[in-house]
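Numbering (this note's numbering), first residue to last: 26 to 137.
Glycine residues also receive a C-beta, built at the ideal position from the N, C-alpha and C atoms.
The structure appears right after this line, and notes come after that.
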């Protein structure tokens, strides 16, 4: 008797959970159409300039100083798929990618 009651209760819960619910969704509010208003353009107070003979030269970009001298010494152990090198630095940190890249990201994890 107890098993039948539990089975009946379980079937009722399953039917209730799997039944399709009909809910009414509210209609979206109507957005009024924008009205077209004429836009008046005021004349520019800046007088026209003479066209230049050519493009204006841009100032030269400053070159960053080479900072590769303070890069870590690395031991490349192999290459991943696609030719990406990996290995270990002299400090014992593992790396993937170009060890002489301009930016070095250090990741820390207690699980490594």
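- In the DSSP annotation of this structure, residue 126 is not part of any alpha helix (DSSP H), being labelled neither H nor E.
- In the structure shown, residue 119 adopts extended strand secondary structure according to DSSP, grouped into three states.
- For residue 114, the pairing in a beta bridge is given by DSSP as 99.
- Annotation: the continuous alpha helix (DSSP H) that includes residue 31 extends over 27 to 43.
- Contact between residue 102 and residue 114 is ruled out by a C-beta separation of about 11 Å, above the 8 Å threshold.
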